[in-house]
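Take a look at the structure below.
2 protein chains.
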Amino acid sequence: METIKNYIEENRERFLEELFDLIRIPSVSSKAENKNDMFRAAEFIRDQLLKAGADKAEVYKTDGHPVIYGEKIIGDDKPTVLVYGHYDVQPAEPLEKWDSDPFEPEIREGKIYARGADDDKGQLFMHLKAFEFMMRTETLPCNIKFMIEGEEEIGSPNLKIFCQKYKNMLASDVILVSDTTMIARDIPSITVGLRGLSYMEVEVTGPDRDLHSGLYGGAVVNPVNVLSKMIASLTDENNRVTIKGFYDDVLEATDEERKELAKRPFNIDEYKKSINVDEVTGEVGYTTIERLGIRPSLDVNGIWGGYTGEGAKTILPSKASAKISMRLVPNQKSKKIDKLFEEHFKSIAPEGVKVKVRSLHSGEGYVAPVDSPAYLAASKACEDTFGKKPIPVRSGGSIPVVADFEEVLGVKSILLGFGLDSDAIHSPNENYPLYNFFKGIETIPLFFKYFAEMK
Amino acid sequence: METIKNYIEENRERFLEELFDLIRIPSVSSKAENKNDMFRAAEFIRDQLLKAGADKAEVYKTDGHPVIYGEKIIGDDKPTVLVYGHYDVQPAEPLEKWDSDPFEPEIREGKIYARGADDDKGQLFMHLKAFEFMMRTETLPCNIKFMIEGEEEIGSPNLKIFCQKYKNMLASDVILVSDTTMIARDIPSITVGLRGLSYMEVEVTGPDRDLHSGLYGGAVVNPVNVLSKMIASLTDENNRVTIKGFYDDVLEATDEERKELAKRPFNIDEYKKSINVDEVTGEVGYTTIERLGIRPSLDVNGIWGGYTGEGAKTILPSKASAKISMRLVPNQKSKKIDKLFEEHFKSIAPEGVKVKVRSLHSGEGYVAPVDSPAYLAASKACEDTFGKKPIPVRSGGSIPVVADFEEVLGVKSILLGFGLDSDAIHSPNENYPLYNFFKGIETIPLFFKYFAEMK
């Protein structure tokens, strides 16, 4: 019987060529100009599913970008795994920071460099190829369903509706997601916690047009100075968020939980070196692992206002804007935080400015059990391929749909990601090591095998 | 004998067509792409001077953009007036805020709309046409010299050197400058004070690349949050600048001076309405007129960092930057303030970031006497044409070269400007009312007449 290792060896070049064809479609969900590319990417994945042997695969229109649903049903008595992934990507900007074209993948030093190489085209593709293998070798032990969306990077505004509408079609025993990282190439891990997200945009307006900074400076409110003061006041000297009620729903970790977290292998010097900072900072009283895994945060993602070109333009700007996001921990509710933020931000505006606040994106955090059949199956699969038992970790990132799946479909997810923190997802020079890509394809069929055995 | 009023009437269309041709040359001094346009604008002005009747007029190369020098000498026993102006303009951005092309002048409701319509092409052009009139009618009563530069909007980095080099050629009794405003269409005024300027650019760097705000947020320094806190701390709750030593050289105005300032006609409600703000702000303890005329200020002119496009990109930015300028009052020295700012700004940077500070532009403030022959001549000329004695005012703006002229050439300037605050110089929809343009042409020959009589 053909093994997965042999199958990868024989089809290696084709796998990469197919993945590269998908990456070449610039499916940036936040940009109106890429609307048509979203359809092209969706059709590409549908065709991949059909070629691999799905009974059916279709592109479903939504109010936003389309969702692909596909399935292979082998028997009513078999357990069902629903694979979730997303074909949309973050914008590639700033383009000048890339060493190669973000939409023309290049392999350098054993890594695929491109926007989406990891997040999530690369990780999603591992599932398509593992499925293809199980079909060719007739080893698929479970029913398999695929739900691949195109709006993850903009907060999945239509996926919850899709799940509600097609709840029966999507019925499953577990949802399998590869959109997270493992600790290191030689330290497998399974993500058992995610943070929620509340992403806001604010605009502060002073005078109704840019003014001459000499003729008006010192006598008229400056919206950039004001916005700076407002942002500065959102966190205190201990790096705690000052929004009233922000921490009300945060569950404080027990000493036991903190001890468990501290066991995760983590080298602070390597961490600092990897991002080239002399010092780490964060909420006083917590470790870096805790700040990311079990504590909420507030970051400005972007700021702009006034003259930003070459040289010295002496204006007092009319407007200043910022994108400000908060990562939330399980039990904090994003809609409540959106509201607290908006009320607080408006309340701290000084006289003489007008303030607008809107929510761009929000979603809930998530925690998964470490004793479920899915977790045990994933753990066993990783142990087989990596030779080590994986470590359960709580990630700082967010996949808001995972909480939605639990709410709407009543099914827990297993977050079996093969990325690395060094993959620079959402950044210039995003990459995905070939090692991880092929290791993922090797591990996934084992998950199906063990999951079928345990159910 | 032909009067100036008749001459304007007969040549009105030609004057405007010639001015429009100058405005159409996009002579933006801060942009490298407009380097050639600077030469075209300089040659245009040289040709205007020669056609009007100058003995000589030449384009002088400098290390930056060229200077035009021209002269008409009528006799060693006559007083000499040196006219200063600038042919360079501010960038027109943001272009989408203009109602018409900034470099294709349009007349709407009696105003010329274009970049440079007032500052300073329109105001400079009044001198060319007044000179033309005095030559045609053989009424020029003084020697006249022109020095027109192309780097005013970027801080005149080469003009001081030019003045040092050609000190003898530039010898004069007074320097006449039209690059300021009058209080209102029916309230003439003469500027007797200007503020200095210290214009800095700062950059704060955290991690060496943009990071995923979920995977790193809360544990790594965010340069936008940091820059906001640093900017916020530059001014206190009384809107006073917190930089150590900033106010050391500021001369506090006497009660007498403050009483004089309060006499200037000023309607705070109209002022607020004109820029569409509910409230004015500024240094506690001073009026709006005082905040602009005799107090220094600190304004952010522009800020940028992170993702500023459509939608929600979840990054923790690598860098944040701002342009920050301070208006200074006479006796404050800009180079000293540059240094105080740099030291202070670096001293307030928290651990984990790298900070760069550089000066983009600096210059000194200026005060002029109200009893000099030049002031009295300008006052009498305005009284003739506007029917009202002009009011001496201290402007919030800066023309750093005016202090340089006094230092290098040993000559005071008379700031006889005809702009209005509503001309939106440095802003979208810059404009210059035809009334002011023609009133300026009418007033200038009278200045020459009275100045010759008084010397």
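For the record, the sequence lines run as chains A and B. Heads up: take any position in the first sequence, counting from 1, add 12, and you land on the working numbering. Heads up: take any position in the second sequence, counting from 1, add 12, and you land on the working numbering. All residues carry an ideal CB built from backbone N, CA and C; glycine is no exception. None of these values were measured; they are calculated from a predicted model.
- Val-262(B) carries a coil assignment under DSSP once its states are collapsed to helix, strand and coil.
- The stretch 242–249 of chain A makes no contact with the stretch 250–260 of chain B, as fewer than three CB pairs between them are under 8 Å.
- In this structure Val-292(B) is in contact with Gly-364(A), their Cβ atoms being roughly 7 Å apart against a cut-off of 8 Å.
- When DSSP states are grouped into helix, strand and coil, Glu-161(B) belongs to the strand group.
- Distances from the alpha-carbon of Lys-179(A) to those of Thr-193(A), Pro-78(A), Gly-167(A), Lys-157(A) put Lys-157(A) closest.
- Put simply, the CB of Thr-293(A) is near chain B, with a gap under 7 Å to one of its CB atoms.
- One thing to note: Glu-164(A) has its Cβ no nearer than 7 Å to the Cβ of Val-79(A).
- Below 8 Å, enough C-beta pairs join the stretch 146–155 of chain B and the stretch 67–85 of chain B to call them touching: three or more.
- Taken in chain order, the complete beta strand (DSSP E) segments of 3 residues or longer contained in the stretch 347–418 of chain B are 366–375, 403–406.
- Tyr-319(B) has a beta carbon lying within less than 7 Å of a beta carbon in chain A.
- Exposed is the label assigned to Gln-176(B), since fewer than 16 other Cβ atoms lie within 10 Å of its Cβ.
- Secondary structure at Asp-311(B): strand, using DSSP grouped into helix, strand and coil.
- Contact of Pro-219(B) with chain A is assigned, a C-beta pair being separated by under 7 Å.
- Against chain A, the CB of Lys-241(B) has a partner CB under 7 Å away; the residue lies at that interface.
- Unbroken alpha helix (DSSP H) stretches of 4 residues or longer found wholly inside the stretch 126–156 of chain A: 133–148, given in chain order.
- Scanning chain B for C-beta atoms nearer than 8 Å to the C-beta of Lys-63(A) yields nothing, as the closest lies near 33 Å away.
- Pro-342(B) is not a Cβ neighbour of Val-382(B), given a cutoff of 7 Å.
- No Cβ of chain B is located within less than 7 Å of the beta carbon of Leu-136(A).
- At least 7 Å separates the CB of Gln-176(A) from every CB of chain B.
- If you draw a straight line from the Cα of Ile-187(A) to the Cα of Ala-390(A), it is about 12 Å long.
- Taking a cut-off of 8 Å for Cβ pairs, the stretch 389–406 of chain A and the stretch 191–206 of chain A touch, as three or more such pairs fall below it.
- Boundaries of the beta strand (DSSP E) around Glu-213(B): 208–217.
- No Cβ of chain B is located within less than 7 Å of the beta carbon of Leu-421(A).
- With contacts defined by Cβ atoms closer than 7 Å, Ala-464(A) and Ser-240(B) do not form a contacting pair.
- Between Val-93(B) and Ser-184(B), the alpha-carbon positions lie close to 6 Å from each other.
- When the beta-carbon positions are compared, Val-40(B) and Ala-54(B) stay at least 7 Å from each other.
- The stretch 126–135 of chain A and the stretch 435–449 of chain A touch, with three or more beta-carbon pairs separated by less than 8 Å.
- Residues of the stretch 331–358 of chain B with a C-beta atom less than 7 Å from some C-beta of chain A are Ala-332, Lys-335, Ser-337, Arg-339, listed in chain order.
- The beta-carbon of Ala-126(A) is placed no less than 7 Å from the nearest beta-carbon of chain B.
- Under the DSSP assignment, Ala-64(B) falls in the alpha helix (DSSP H) whose first and last residues are 47–64.
- Considering only Pro-402(A), Gly-408(A), Ser-286(A), the residue with the shortest C-alpha distance to Phe-430(A) is Pro-402(A).
- For Thr-300(B), the nearest CB of chain A lies under 7 Å from its own CB, placing it at the interface with that chain.
- Take Gly-314(A), set aside five residues on each side of it, and the residues of its chain with a beta-carbon closer than 7 Å to its own are Ala-334, Lys-335, in chain order.
- Here Gly-317(A) is not near Ser-410(B), since their CB atoms are 7 Å or more apart.
- Here Val-296(B) is exposed: its Cβ has fewer than 16 other Cβ atoms, across all protein chains shown, within 10 Å.
- Contacts with chain B (Cβ-Cβ distance below 9 Å) from the stretch 431–455 of chain A involve Asp-433, Ala-436, Ile-437, His-438, Ser-439, Pro-440, Asn-441, listed in chain order.
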